[in-house]
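Using my numbering, you'd call the opening residue of the sequence shown number 307 and step up by one each time. Glycine included, every Cβ here is placed at the ideal spot set by N, Cα and C. Predicted, not measured: the structure shown is a model, and the values here were computed from it. Everything below concerns the one structure shown next.
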Amino acid sequence: MITKFFARAFTAAVDLFYPPQCLLCYKTLTGKEKHICDKCFDLLPLINGPHCPKCSRPIRTRNGENQLCGICRIQPNKDFKITVAAAEYQGLMKRLIHLYKYERQQFLSNLFARIIAEQAVKKKVADTFDLLVPIPLHWTRKRWRGFNQAREICRSISPLINVPVIPESAFRRVRKTTPQVQLNAASRTSNIRGAFDVRKTKYIKDKNIALVDDVYTTGATSGECSRMLLRSGAKSVSLLIIAR
Ligand SMILES: [Zn+2]
Ligand SMILES: [Zn+2]
């Protein structure tokens, strides 16, 4: 109780001398704003317009309604039931995700969780999930980064949509791989094969899983996770991401 009081007083004192700034434009934040200012938030490329209901790719349609994109019509992704993306991976969103992953702005997980959960609710799928599963990080990578960015987002999404997070020990990355960004699309699939292992199938069996990651690029990593989970008895796997 006393420590809490001092902690709060300390935070207030720090705020007085170093008022919190917007992470993107450095403007002093008002009391209601958190991490980024409202103006920067409005500039985030959130996917609010028409998009593909299966993969969330923004598309242009004549009537402004959602419809299957060309790719999903010809060659639908078999790894995921659907993909829910909150934003496009460009502009300020790209910068924000970079701050989160590489500049230790860990608390941004709350903002990302909020926009992902809002999108899942809007798409009427939030209540179809039984379990949140972050893409596992190899322990050496986690130690280097200090946290698993996908697990932090899961933790923040969980209370918003009332879905539990899988224990870390149940689904692991067992093999260290070359970071996917350093490879071309073709070698990404072979690089990641066999990198994950389901240690406790009881959590996964018959569950409708929402796999959580930060960004979607070629889908090689998330695809490998999905196949692993389906092979271990998952009923379905969907993908929740900040941006695509
Ligand atoms: Zn700003
Ligand atoms: Zn699509």
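Span separating the alpha-carbon of phenylalanine 552 from that of lysine 400: Since the first residue shown for the chain is 307 and the last is 550, residue 552 is missing from the structure and cannot be characterised.
Straight-line gap, isoleucine 388 to glutamine 381 (C-alpha atoms, nearest Å): Mapped onto the sequence shown, residue 388 falls at position 82. Mapped onto the sequence shown, residue 381 falls at position 75. Rounded to whole angstroms, isoleucine 388 to glutamine 381 spans 14 Å at the Cα level.
Arginine 550: CB within 6 Å of a non-hydrogen atom of ligand 2: For the purposes of this step, residue 550 is taken as the residue at position 244 of the sequence shown. Checking the Cβ of arginine 550 against ligand 2 gives no.
Among Gly397, Asn383, Gln411, Lys310, nearest to leucine 350 - alpha-carbon criterion: By 1-based counting over the sequence shown, the position of residue 350 is 44. Of the candidates Gly397, Asn383, Gln411, Lys310, the one whose C-alpha sits nearest the C-alpha of leucine 350 is Gly397.
Secondary structure of arginine 478, DSSP reduced to three states: As a first step, residue 478 must be located in the sequence shown, where it is residue number 172. Note: arginine 478 maps to strand in three-state DSSP.
Complete alpha helix (DSSP H) runs within the segment 387-467 (minimum length 4 residues, chain order): 397-408, 414-428, 445-451, 455-467
For valine 543, three-class secondary structure by DSSP: To locate residue 543, count along the sequence shown from 1; it is residue 237. Here valine 543 sits in strand by DSSP.
Of the residues Gln455, Thr367, Phe477, Pro326, the one placed nearest lysine 506, counting alpha carbons only: Residue 506 sits at position 200 when you count from the first residue of the sequence shown. Selected option, being the one with the closest Cα: Phe477.
Alpha helix (DSSP H) runs wholly inside the segment 479-517, at least 4 long, in chain order: 491-498
beta-carbon lysine 360 near ligand 2 non-hydrogen atom, thresh 6 Å: Against the sequence shown, residue 360 aligns to sequence position 54. At least one heavy atom of ligand 2 is nearer than 6 Å to the Cβ of lysine 360, so yes.
Cutoff 6 Å; reference lysine 511; Cβ partners in own chain excluding five residues on either side: Here residue 511 corresponds to residue number 205 of the sequence shown, with the count starting at 1. Once the five neighbours on either side are set aside, the close Cβ partners of lysine 511 are Gly539.
By C-beta, the residues closer than 6 Å to any heavy atom of ligand 1, given in chain order: Cys328, Leu330, Cys331, Lys333, Ile342, Cys343, Lys345, Cys346
Cβ-Cβ distance between alanine 392 and isoleucine 422 below 7 Å: Here residue 392 refers to the residue found at position 86 when the sequence shown is read from its first residue. Here residue 422 refers to the residue found at position 116 when the sequence shown is read from its first residue. A contact, by the Cβ cut-off of 7 Å.
Extent of the continuous alpha helix (DSSP H) run through aspartate 348: As a first step, residue 348 is located in the sequence shown; it is residue number 42 there, counting from the start. Aspartate 348 -> alpha helix (DSSP H) spans 344-349.
Enclosing alpha helix (DSSP H) for cysteine 375 [first to last residue]: Within the sequence shown, the letter at position 69 stands for residue 375. Careful: cysteine 375 lies outside any alpha helix (DSSP H) and carries neither H nor E.
7 Å Cβ cutoff met for serine 415 and isoleucine 365: Residue mapping note: residue 415 aligns to position 109 of the sequence shown, counting from 1. Residue mapping note: residue 365 aligns to position 59 of the sequence shown, counting from 1. No.
Top-ranked residue by Cα proximity to glutamine 370, from Phe386, Ile353, Asn514: For the purposes of this step, residue 370 is identified with residue 64 of the sequence shown, where counting begins at 1. It should be pointed out that residue 370 corresponds to glycine in this sequence rather than to glutamine. Taking only the C-alpha atoms, the option nearest glycine 370 is Ile353.
Backbone CA spacing between glycine 337 and glutamine 412 [nearest angstrom]: Along the sequence shown, one-based indexing puts residue 337 at 31. Along the sequence shown, one-based indexing puts residue 412 at 106. So the alpha carbons of these two residues sit roughly 20 Å apart.
Beta-carbon proximity check, glutamine 488 vs threonine 527, cutoff 7 Å: Counted from its first residue, the sequence shown places residue 488 at position 182. Counted from its first residue, the sequence shown places residue 527 at position 221. Cβ atoms of glutamine 488 and threonine 527: not closer than 7 Å.
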